[in-house]
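Counting from 1, one number per residue, gives the positions in the sequence shown under our numbering.
C-beta: ideal position from N, C-alpha, C; glycine also.
Worksheet: one structure, shown below.
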Amino acid sequence: MTVTMSIALLILRLVVGLTLAVHGTQKLFGWFAGPGLTRLMQGFEK
Numbered sequence: 001m002t003v004t005m006s007i008a009l010l011i012l013r014l015v016v017g018l019t020l021a022v023h024g025t026q027k028l029f030g031w032f033a034g035p036g037l038t039r040l041m042q043g044f045e046k
């Protein structure tokens with residue numbers, strides 16, 4: 001594997017990982033205008 005391909009895959013993994021991390025914190029903690037844990041649990045109960 002070339003150095004360029006390794007760097008490209010690293011950037012792709014970081015972007016996907018950060019996207020999932022932000023989405024998780026938004027749902028769980030209410031950061032970034034998310035619902036937070038209380039509203040998340042209410043949604044699961046419906």
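Considering just the uninterrupted stretch of the alpha helix (DSSP H) at residue i, what are its terminal residues?
i   : result
M41 : G36 to E45
G24 : V3 to F29
Would you mind working out which of the options sits nearest residue i, comparing C-alpha positions?
i   : options             : result
Q42 : A21, S6, K27 and A8 : K27
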